[in-house]
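First the structure, in the form of structure tokens, and then the observations on it.
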Amino acid sequence: MNFIGSPEIVTAMALAGRLSFNPLTDTLTGGDGKPFRLDPPKPAPEVPASDFDRGHSSYVAPPEDGSGIELAVDPNSERLQLLQPWGAWDGEDFLDMPILMKTRGKTTTDHISPAGPWLRYRGHLDKFSDNVLMGATNAYTNEAGKGLNLLTGERGQSIAPIARYYKAHGRKWVIVGDHNYGEGSSREHAALSPRLLGGVAVIARSFARIHESNLKKQGLLALTFSDPAHYDRIREDDRVSLVDLNDLAAGKPVACLINHADGTSETLWLNHSYGASQIEWFKRGSALNLFHEPAGA
């Protein structure tokens, strides 16, 4: 049985032990065995008699120059990791890049950067990034989260170790995506992890809006096929080059040279939605680098 009652009535019924108790007419039995009635509650004032207590302020203003403050994080922590600014673009075209993975069908941010038990590492980007593309479907094999390492020829590897191998050997890489790549939640790790692991671009049939913005903010190129059918032209063992990037401009397509393993090649044109300010994000290495210039930039 459910009912609504004031705190006073509910308290009276709780003391009596029965819902039929009426504090206006019924009595309770005291410890001395004598019956007594509850005194009516005194109405609370509409406003406090005195001013509100402002409490204790614990705010400590930071120094005007905080450059000497060091943030101490345990280097062995699995939960927290200090991040350094991404490096600025070096002004060179992206040449002869392997495709980390070509995804097929729905590729949400949870496919790109799964949550669940991984969320315990969300403050430690390097550990969190071991899940990159774990839930995405490989367009060539229909396996989830597995791919081909073009440098070693090893198949069936998890995607993150492949990305780390490419980065360790100085190879930039790209992801190729299907329609509405990055739909779902706005999980920023889905852009942060590819950036950390050495990715420079995602080429898709189309993007989910928020994920496209997140890629831009992290200094990655978010590009779409001028003809969505060109998605089918990308082969597993292709090498991809994005050229004439010094001429990157709003509304101007990007040339993508595809070198196939059989010795043939072709050029595809890729569209983008970058405005002038967003192109500056790419050149600086990220949107945040507009406010914090990375060393050597």
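Just so we're aligned, residue 2 is where the sequence shown starts under my numbering, counting upward by one.
We put the beta carbon where it would ideally sit given N, CA and C, even for glycine.
Between I204 and L221, how many whole angstroms is the CB-CB distance? I'm expecting something under 8 Å. Counted from its first residue, the sequence shown places residue 204 at position 203. Counted from its first residue, the sequence shown places residue 221 at position 220. Actually they are not in contact, since the Cβ atoms of I204 and L221 sit about 11 Å apart, beyond 8 Å.
What's the gap between the Cα of V241 and the Cα of A140? As a first step, residue 241 is located in the sequence shown; it is residue number 240 there, counting from the start. As a first step, residue 140 is located in the sequence shown; it is residue number 139 there, counting from the start. If you take the alpha carbons of V241 and A140, they lie about 17 Å apart.
Can you give me the C-alpha to C-alpha distance between F4 and A116, rounded to a whole angstrom? Counting from 1 along the sequence shown, the entry for residue 4 is found at position 3. Counting from 1 along the sequence shown, the entry for residue 116 is found at position 115. Going by the C-alpha atoms only, they are around 41 Å apart.
Residue burial classification, G32 (beta-carbon count within 10 angstroms, cutoff 16): For the purposes of this step, residue 32 is taken as the residue at position 31 of the sequence shown. The residue is exposed, with fewer than 16 neighbouring Cβ atoms inside 10 Å.
Below 8 Å, can you find three or more Cβ-Cβ pairs linking the segment 230-248 to the segment 81-99? yes
Identify whether E79 lies in helix, strand or coil by the three-state DSSP scheme. Here residue 79 corresponds to residue number 78 of the sequence shown, with the count starting at 1. In this structure, E79 counts as coil in the three-state DSSP scheme.
Short of 7 Å in beta carbon distance, which residues of its chain neighbour A277, apart from the five on each side in sequence? Order them along the chain. Indexing the sequence shown from 1 puts residue 277 at position 276. Contacts found: A251.
What is the C-beta distance between H149 and Y166, in whole angstroms, given that I count them as a contact (C-beta under 8 Å)? Counted from its first residue, the sequence shown places residue 149 at position 148. Counted from its first residue, the sequence shown places residue 166 at position 165. In the sequence as displayed, the identity of residue 149 is Leu instead of His. 12 Å between Cβ atoms; not a contact.
For P24, would you say it is in contact with chain B, using Cβ-to-Cβ distances shorter than 8 Å as the test? Looking for chain B here will not work: only one protein chain is present.
If contact is defined by three or more beta carbon pairs under 8 Å, each pair taking one atom from either stretch, is the segment 154-166 in contact with the segment 107-124? no
Start and end residues, alpha helix (DSSP H) containing T12: Start at 1 with the first residue of the sequence shown, and residue 12 comes out as number 11. Segment P8 to A17, the alpha helix (DSSP H) holding T12.
Around the Cβ of R121, are there at least 16 other Cβ atoms within 10 angstroms (buried) or fewer (exposed)? Taking the first residue of the sequence shown as position 1, residue 121 is located at position 120. Exposed.
Starting from R165, trace the alpha helix (DSSP H) both ways and give me its first and last residue. The residue labelled residue 165 in the question sits at position 164 within the sequence shown. Here the alpha helix (DSSP H) through R165 covers I160 to A169.
Measuring only the C-alpha atoms, how far is G264 from S227? For the purposes of this step, residue 264 is identified with residue 263 of the sequence shown, where counting begins at 1. For the purposes of this step, residue 227 is identified with residue 226 of the sequence shown, where counting begins at 1. Cα to Cα, G264 sits roughly 24 Å from S227.
Report the residue from W90, A256, S274 and Y275 whose alpha carbon sits nearest the alpha carbon of E267. For the purposes of this step, residue 267 is identified with residue 266 of the sequence shown, where counting begins at 1. The shortest C-alpha separation from E267 is found at A256.
DSSP puts L25 in a beta bridge; with which residues? Translated into the one-based positions of the sequence shown, residue 25 becomes position 24. Paired residue(s): none; L25 is not in a bridge.
Which one or two residues does DSSP pair with W174 in a beta bridge? On the sequence shown, position 173 is the one that residue 174 refers to. According to DSSP, W174 bridges with G200.
Considering W282, what are the terminal residues of the alpha helix (DSSP H) in which it resides? Start at 1 with the first residue of the sequence shown, and residue 282 comes out as number 281. It spans A277 to R285 - the alpha helix (DSSP H) in which W282 sits, taken as one unbroken run.
Out of G178, P76 and R80, point me to the one whose CA is closest to L126's CA. Here residue 126 is taken as the residue at index 125 of the sequence shown, counted from 1. If we check each option's Cα against that of L126, R80 comes out closest.
Take H273 and list the residues in its own chain whose beta-carbon comes closer than 6 Å to its own, dropping the five residues that flank it on each side. Locating residue 273 in the sequence shown gives position 272, counting from the first residue. L224.
Under a three-way DSSP split, which group does P301 fall into? Here the chain has residues from 2 to 298 only, and residue 301 is not among them.
What runs of the alpha helix (DSSP H), each 4 residues or longer, lie entirely inside the segment 113-156? 126-129
Environment of N77 [buried if 16+ CB atoms lie within 10 Å]: Residue 77 sits at position 76 when you count from the first residue of the sequence shown. N77 is exposed by the Cβ-count criterion.
Alpha carbon of A298 to alpha carbon of D52, nearest angstrom: Start at 1 with the first residue of the sequence shown, and residue 298 comes out as number 297. Start at 1 with the first residue of the sequence shown, and residue 52 comes out as number 51. Bear in mind that a pLDDT of 49 at A298, under 50, signals an unreliable position, so the model cannot answer this.
For S21, is the classification buried or exposed, using 16 other Cβ atoms within 10 angstroms of its Cβ as the cut-off for buried? Stepping through the sequence shown from its first residue, residue 21 is reached at position 20. Exposed, because fewer than 16 other Cβ atoms sit within 10 Å of the Cβ of S21.
Same chain, Cβ closer than 6 Å to L16, five either side skipped, listed in chain order: Numbered from 1 along the sequence shown, position 15 holds the residue referred to as residue 16. Taken in chain order, the list of residues that qualify is empty.
On the CB-based measure, 16 or more other CB atoms within 10 Å of its CB, does I70 come out buried or exposed? Here residue 70 refers to the residue found at position 69 when the sequence shown is read from its first residue. Label assigned to I70: exposed.
Does the Cβ-Cβ distance between G92 and N247 come in under 8 Å? Position 91 of the sequence shown, counted from the first residue, corresponds to residue 92. Position 246 of the sequence shown, counted from the first residue, corresponds to residue 247. Yes. Within cutoff.
Just to confirm, is the Cβ distance from S114 to A191 under 8 Å? Along the sequence shown, read from residue 1 onward, the residue named residue 114 stands at position 113. Along the sequence shown, read from residue 1 onward, the residue named residue 191 stands at position 190. Yes, Cβ-Cβ distance for S114 and A191 is below 8 Å.
In whole angstroms, what is the alpha-carbon distance linking G199 and G56? Within the sequence shown, residue 199 is the residue found at index 198, counting from 1. Within the sequence shown, residue 56 is the residue found at index 55, counting from 1. Using only the alpha carbons, I get a separation of about 49 Å.
To the nearest angstrom, how far is it from the Cα of P118 to the Cα of R188? Counted from its first residue, the sequence shown places residue 118 at position 117. Counted from its first residue, the sequence shown places residue 188 at position 187. Cα to Cα, P118 sits roughly 15 Å from R188.
Which listed residue (G286, S287, H261 and S207) has its alpha carbon closest to that of I100: Here residue 100 refers to the residue found at position 99 when the sequence shown is read from its first residue. Answer by Cα proximity: H261.
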